[in-house]
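Numbering (the UniProt record's numbering), first residue to last: 1 to 236.
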């Protein structure tokens, strides 16, 4: 008998489908697929598949995004509703999807690439959270310092200069976070394409396709290395 106070799985899935991280992850995945030259119908299918998988993940997690399930317990919680929070949620969605892809039945070469991509994304996870936290802190500092800047704008130019530097740093870290998550989306989309090609055509994944995925994984690592470097800039 259904418990009237407990939401049904269908309602949880519908609620999960509206989670910002689900919408962002599926949108990024479909956009990357289209940008890579994949036919629009296939790119749309990729986005729909990722949206459905994300909705189910959110439902099974009791309405919490993957970031709340996989984030290190020693890391503070991000402010809800911000772009940086949604980006970390999208990253965790890709990590969950890569885990599923790793566990699925694929050609040996594709499986090894999926495992490598998963390890790279998992290793980058805490760095992405720290970057998002840095943006949260900078948002707080900017909110407080802009009031000071407005009060003293005619007397102390250095106040305005400090605000400008913080704003520039905030935008730089957020842009790097966007780029890093997009790199994960690209790797995941290429793995989906490669897996689908091998499964539907029966051909063996050739070295060219595998090398493309490997190159994307290297770009992923590089993007997150740049992101971590941006978290601790030198003070001038």
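Quick reminder that beta carbons are idealized off the backbone N, C-alpha and C, glycines included.
Enclosing alpha helix (DSSP H) for residue i [first to last residue]
{"i": "residue 77", "result": "Note, residue 77: premise wrong, no alpha helix (DSSP H); not H, not E."}
Own chain residues within Cβ distance below 7 Å of residue i, not counting five before or after
{"i": "residue 184", "result": "91, 94, 121, 220"}
{"i": "residue 134", "result": "173, 231"}
DSSP three-state assignment for residue i, whether helix, strand or coil
{"i": "residue 105", "result": "coil"}
{"i": "residue 206", "result": "coil"}
8 Å CB neighbourhood of residue i in its chain, flanking five on each side removed
{"i": "residue 166", "result": "138, 141, 142, 145"}
{"i": "residue 228", "result": "127, 130, 131"}
{"i": "residue 113", "result": "191, 194, 210, 213, 214, 217"}
{"i": "residue 116", "result": "214, 217"}
{"i": "residue 6", "result": "Residue placement at residue 6 is flagged as unreliable, the pLDDT there being 43, under the threshold of 50; a coordinate-derived value is accordingly withheld."}
{"i": "residue 136", "result": "78, 79, 82, 84"}
{"i": "residue 176", "result": "131, 223, 226, 227, 230"}
Between the CA atoms of residue j and residue i - distance to the nearest angstrom
{"i": "residue 158", "j": "residue 83", "result": "29 Å"}
{"i": "residue 79", "j": "residue 88", "result": "11 Å"}
{"i": "residue 105", "j": "residue 123", "result": "24 Å"}
{"i": "residue 111", "j": "residue 160", "result": "53 Å"}
{"i": "residue 98", "j": "residue 198", "result": "17 Å"}
{"i": "residue 103", "j": "residue 200", "result": "19 Å"}
{"i": "residue 76", "j": "residue 178", "result": "20 Å"}
{"i": "residue 170", "j": "residue 207", "result": "40 Å"}
Residues of its chain near residue i, where Cβ-Cβ distance is below 6 Å and the 5 sequence neighbours each way are ignored
{"i": "residue 209", "result": "194"}
{"i": "residue 180", "result": "223, 224, 227"}
{"i": "residue 162", "result": "none"}
{"i": "residue 168", "result": "none"}
Closer than 9 Å to chain C by CB, residue i
{"i": "residue 105", "result": "No chain C is part of this structure, which consists of one protein chain only."}
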